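Just below is one structure, and these are the notes that go with it.
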Amino acid sequence: SDDNYNDSVTSEEDVVNYFEKKYDEVNNNSWNDVKDKAKEYFIDIVDFIFYDKEIKGYTFSELSDNTKIKVIALALKIDSKIEEYIPGYKKSISSKGNKIYTDVKDRLVSSYLDLSVKICSNNEEGCNKAKDIFSDIKDNCKIGWSFIKKLASDGGNKLKDWYEIYSGKR
534 SDDNYNDSVT SEEDVVNYFE KKYDEVNNNS WNDVKDKAKE YFIDIVDFIF YDKEIKGYTF
594 SELSDNTKIK VIALALKIDS KIEEYIPGYK KSISSKGNKI YTDVKDRLVS SYLDLSVKIC
654 SNNEEGCNKA KDIFSDIKDN CKIGWSFIKK LASDGGNKLK DWYEIYSGKR
């Protein structure tokens with residue numbers, strides 16, 4: 534039956550669970566126990582999102598938008614956790630080739646908001662979820678409105694669309 538077939542095939546949720554476990558590990562243990570792994574996990578998730586790394590048989594671009602925003606949210610939360618203990622740590626991550634990690638938070642937040650705007654244009658349930666997740670990230674990762682405005686300074690319409698996600702308003 535189809536059910537058995539699905540057991541052997543990974544689902545997008547497996548990708549989310551993979552990164553959720555890593556975030557929980559970083560979040561729920563003493564910093565000394567996880568500090569070496571934390572940066573590794575951050576690089577892992579960023580390479581997945583921006584540099585075509587494959588996880589559980591998926592690349593980021595193959596995921597649905599609803600799954601993409603969950604992964605981006607976890608990347609931001611892992612980043613924020615490390616920043617608590619090692620402010621500015623991304624400067625110390627040696628770049629392999631042309632990978633850039635220093636501006637990753639900006640890129641993650643922009644991607645999150647762009648994807649959310651797209652989801653909100655055609656999926657009310659997904660849209661509400663995107664807003665809920667963002668309100669959690671906003672508090673968790675100290676993302677203020679001034680940060681968003683700075684990110685959007687290149688596109689005027691973006692700001693209005695992003696504000697709806699940011700504020701949870703419609």
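For the sequence shown, my numbering assigns the number 534 to the initial residue and increments by one for each residue that follows. All C-beta atoms in this analysis are idealised placements derived from N, C-alpha and C, irrespective of residue type, glycine included. Just so you know, these numbers come straight off a predicted model, no measurement behind them.
In the structure shown, I633 falls within a coil segment according to DSSP collapsed to helix, strand and coil.
Between the C-alpha atoms of Y622 and C653 there is a straight-line separation of about 34 Å. Measuring C-alpha to C-alpha distances from K603 to each of D566, E617, K614, V548 identifies V548 as the nearest. Following the DSSP letters along the chain, one finds F581 inside the alpha helix (DSSP H) bounded by residues 564-583. Residues Y584 of the same chain have their beta carbon placed closer than 7 Å to that of K632, with the five preceding and five following residues left out of the count.
Excluding the 5 residues flanking it on each side, F667 has same chain C-beta neighbours closer than 6 Å at I698, in chain order.
G701 is the residue among N562, G701, Y556, E545 whose C-alpha sits nearest the C-alpha of S649. Excluding five sequence positions before and after D598, the CB atoms of its chain that fall closer than 8 Å to its own CB belong to L648, K651, I652, G659, given in chain order. Distance from the CA of N561 to the CA of S613, rounded to the nearest whole angstrom, comes to 14 Å. Fully enclosed alpha helix (DSSP H) runs of no fewer than 4 residues occupy 637-653, 657-673, 678-685 of the segment 610-696, in order along the chain.
Apart from the 5 residues on each side of it in sequence, L684 sits with its Cβ closer than 7 Å to the Cβ of D639, V642, S643 in its chain, given in chain order. Take the alpha-carbon of K572 and the one of L607: they are about 14 Å apart.
Sequence-distant Cβ neighbours of E545 in its own chain, meaning closer than 6 Å and more than five residues away, are L596, T600. Note on K671: 16 or more other CB atoms within 10 angstroms of its CB, so buried under the neighbour-count rule. In the assembly as shown, W695 is a buried residue. Its beta-carbon has 16 or more other beta-carbons within 10 Å. Straight through space, the alpha carbons of I619 and D580 are spaced by roughly 20 Å.
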